[in-house]
Every structure is written in C-alpha cells, then in structure tokens.
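Engineer: Taking my numbering, the leading residue of the sequence shown gets 15, the next gets one more, and so forth.
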Amino acid sequence: MKPVINLLLWALIIYLGYATFMSVYGEIQFNKLKTKRYATVIERLKDVRDAELAYKDLHGKYTDNFDTLIKFIGEAEIPILQRRDSTILDVEATQRFGGVETYKTIVLIDTLSYYSVKDSLFGGTDSYKNIANVGVGEPGAKFKLQAGMLDDIPVFEASVDKSIILNDQDKNLVAQEKQVVSVDGVNGPTLKVGSMEQINTNGNWPQNFSKEQ
Numbered sequence: 015m016k017p018v019i020n021l022l023l024w025a026l027i028i029y030l031g032y033a034t035f036m037s038v039y040g041e042i043q044f045n046k047l048k049t050k051r052y053a054t055v056i057e058r059l060k061d062v063r064d065a066e067l068a069y070k071d072l073h074g075k076y077t078d079n080f081d082t083l084i085k086f087i088g089e090a091e092i093p094i095l096q097r098r099d100s101t102i103l104d105v106e107a108t109q110r111f112g113g114v115e116t117y118k119t120i121v122l123i124d125t126l127s128y129y130s131v132k133d134s135l136f137g138g139t140d141s142y143k144n145i146a147n148v149g150v151g152e153p154g155a156k157f158k159l160q161a162g163m164l165d166d167i168p169v170f171e172a173s174v175d176k177s178i179i180l181n182d183q184d185k186n187l188v189a190q191e192k193q194v195v196s197v198d199g200v201n202g203p204t205l206k207v208g209s210m211e212q213i214n215t216n217g218n219w220p221q222n223f224s225k226e227q
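1. Does the segment 202-220 come close enough to the segment 52-71 that 3 or more CB-CB pairs lie under 8 Å?
2. Using the DSSP secondary-structure output, state which residues sit across from Leu164 in a beta bridge.
3. If distances are taken between C-alpha atoms only, which option among Ala68, Ala53, Asp81, Ile120 comes closest to Ala90?
4. Which value, in whole angstroms, describes the spacing of the CA atoms of Pro168 and Lys158?
5. Is it buried or exposed for Leu72, if we count other Cβ within 10 angstroms and need 16 for buried?
6. Whether or not the segment 142-151 and the segment 107-116 are in contact is what I'm after, with contact meaning three or more pairs of Cβ atoms, one per stretch, closer than 8 Å; do they touch?
7. Apply the 10 Å Cβ neighbour rule to Asn214 and answer buried if 16 or more other Cβ atoms are within range, or exposed otherwise.
8. When burial is assigned at 16 or more other CB atoms within 10 Å of the CB, is Ile102 buried or exposed?
9. Under a three-way DSSP split, which group does Asp64 fall into?
10. Among the candidates Gly199, Val197, Lys176, whose CA atom is the shortest distance from the CA of Val188?
11. Less than 8 Å between the beta carbons of Lys132 and Ile87, yes or no?
12. If you reduce the DSSP assignment to three classes, tell me which class Glu152 lands in.
13. Which ranges does the beta strand (DSSP E) cover as unbroken runs of at least 3 residues, wholly within the segment 82-125, from first to last along the chain?
14. The beta strand (DSSP E) that contains Val207, what's its start and end?
15. Along the alpha helix (DSSP H) that carries Glu177, what are the first and last residues, could you check?
16. Hey, quick one: how far does the alpha helix (DSSP H) through Glu191 stretch, first residue to last?
17. To the nearest angstrom, how far is it from the Cα of Asp198 to the Cα of Glu171?
18. What does the Cβ neighbour count give for Gln221, buried or exposed, with the cut at 16 atoms within 10 Å?
19. Where does Leu83 land, buried or exposed, given buried means 16+ other C-beta within 10 angstroms?
20. For Thr116, which residues in the same chain have their Cβ closer than 6 Å to its Cβ, ignoring the five residues on either side in sequence?
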C-alpha cells in the first residue's frame, strides 16, 4: 500500500510542479505578446494624435469622426505663417496731437507657403486611410474617437479596450491587465491618447512601451 501512496504523492508533486511552471511560463509569454501588441497600437495612436493636432491647427477644434479626419489628411494643406512687427503712422493719434507725427506698432501675419498633411505625417503614402484601425488583436477593431470642449478648450481622446488588443489571450490574465495600477504599466482598462477629462494630448503608456508619450 505504501508504494502506491508514494507513487501518488510523486505524481501529485510532478503535476503541481508542471502546473506552476505552465502558469509562470504562460504569464511570461502573455507579457511578451502584450508588449509587442501595445507597441503597435501606440504607434497608431500617435498617428491619430498628430492628425488631430493638424486638424485643430486649421479648424480650431478636434473631430470625433474618422471619416472627417481621413478626408482632412488626404486633402488639407496647412499654411506656414510668419509673424512680424511693423511700425506705421497712427493717423488718429497724430491728429489728436496737433499734427505731431505719432507711430504705432502692428503685427502682420505673412503666409510663406503651404504643406500637405498627408506628405508631412504619412510620407505621401495612403497608410492614413487605415488610421481608424487598431491593427492587432480583434479582427476589424477600430479606435473609439471622442472630441469636445473642456473649459472652452478643445480636447480629444482616442482609445481601445485592452480586451480588444488581447482578445485571443487568457481571459484571467486580460482581466488582471485591465486592473493594472503601476508606474511601469498601462493603467486602466484602455490604451489611449488624449483625454476628455483633462487638457492634455499625452498617451497613458509609460516610457518602457514607447520612446515618447
């Protein structure tokens, strides 16, 4: 009887060891894939941000419509402006002072040239047409795009739920990832750039996921 018990104990030890190994190994693989996919999504979110900033430069606000943003990228040309001060005769002041010539300084804005948004941001390629696509994870998934005003200042936010990026991964690990609160992790349930609650155009990812926010 004792040999049978020993055999069962050894089998249990081996099983528990294997289960522990697979759990740790699975988490390591999950983190590797997560980091790779996040890097892809972050680059796409940066493209959205750059396009939104260019749109705001021309229209004074952001857009919450990807079709509008795509059309803008393909067609828009942004003026390159130069500001300069100029001194001219102030006719009214001169008259008030009995003909004593009085001058005033005015600001002139010159348009030097124009640049294409498509050429500037996307190197003249048509890759901008896919700017709404997340690109990894759930097939066909698109970013959620919001825009509006906060204290009379334009704001925008482009985001995607982590469960979409990691749709084919272990559900428990994904659930844990959505609850992350860490200086080295992407906090919260989404990967996003911009904010509808704060005036900023930063992403919510740390430096280790990208060279810049």
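For glycine and all other residues, C-beta sits at the position ideal for the given N, C-alpha and C.
Structural biologist: According to the structure shown:
1. yes
2. To locate residue 164, count along the sequence shown from 1; it is residue 150. Partner(s): Ile167.
3. As a working note, residue 90 is residue 76 in the sequence shown. Closest option to Ala90, Cα to Cα, is Ala68.
4. Taking the first residue of the sequence shown as position 1, residue 168 is located at position 154. Taking the first residue of the sequence shown as position 1, residue 158 is located at position 144. So the two alpha carbons sit approximately 17 Å from each other.
5. For the purposes of this step, residue 72 is taken as residue 58 along the sequence shown, with counting starting at 1. Exposed: under 16 other Cβ atoms inside 10 Å.
6. no
7. Position 200 of the sequence shown, counted from the start, is the residue given in the question as residue 214. It counts as exposed.
8. Numbered from 1 along the sequence shown, position 88 holds the residue referred to as residue 102. Exposed is the call here.
9. Along the sequence shown, read from residue 1 onward, the residue named residue 64 stands at position 50. Helix.
10. Position 174 of the sequence shown holds residue 188. Answer by Cα proximity: Lys176.
11. In the sequence shown, the residue the question calls residue 132 occupies position 118. In the sequence shown, the residue the question calls residue 87 occupies position 73. In this structure, Ile87 lies closer than 8 Å to Lys132 by Cβ.
12. Locating residue 152 in the sequence shown gives position 138, where the first residue counts as 1. Coil.
13. Correct list: 91-103.
14. As a first step, residue 207 must be located in the sequence shown, where it is residue number 193. For Val207, the enclosing beta strand (DSSP E) begins and ends at 204-208.
15. Position 163 of the sequence shown, counted from the start, is the residue given in the question as residue 177. The sequence given here places Ser at residue 177; Glu does not occur at that position. Segment 176-179, the alpha helix (DSSP H) holding Ser177.
16. Along the sequence shown, one-based indexing puts residue 191 at 177. Where Glu191 is concerned, the enclosing alpha helix (DSSP H) stretches over 185-191.
17. The sequence position of residue 198 within the sequence shown is 184, counting from 1. The sequence position of residue 171 within the sequence shown is 157, counting from 1. Looking at the two C-alpha atoms, the distance is approximately 22 Å.
18. Taking the sequence shown and counting its residues from 1, the one referred to as residue 221 is at position 207. Result: exposed.
19. Locating residue 83 in the sequence shown gives position 69, counting from the first residue. Leu83 comes out buried.
20. The count along the sequence shown starts at 1 and reaches residue 116 at position 102. Result list for Thr116: Asp104, Ala107, Thr108, in chain order.
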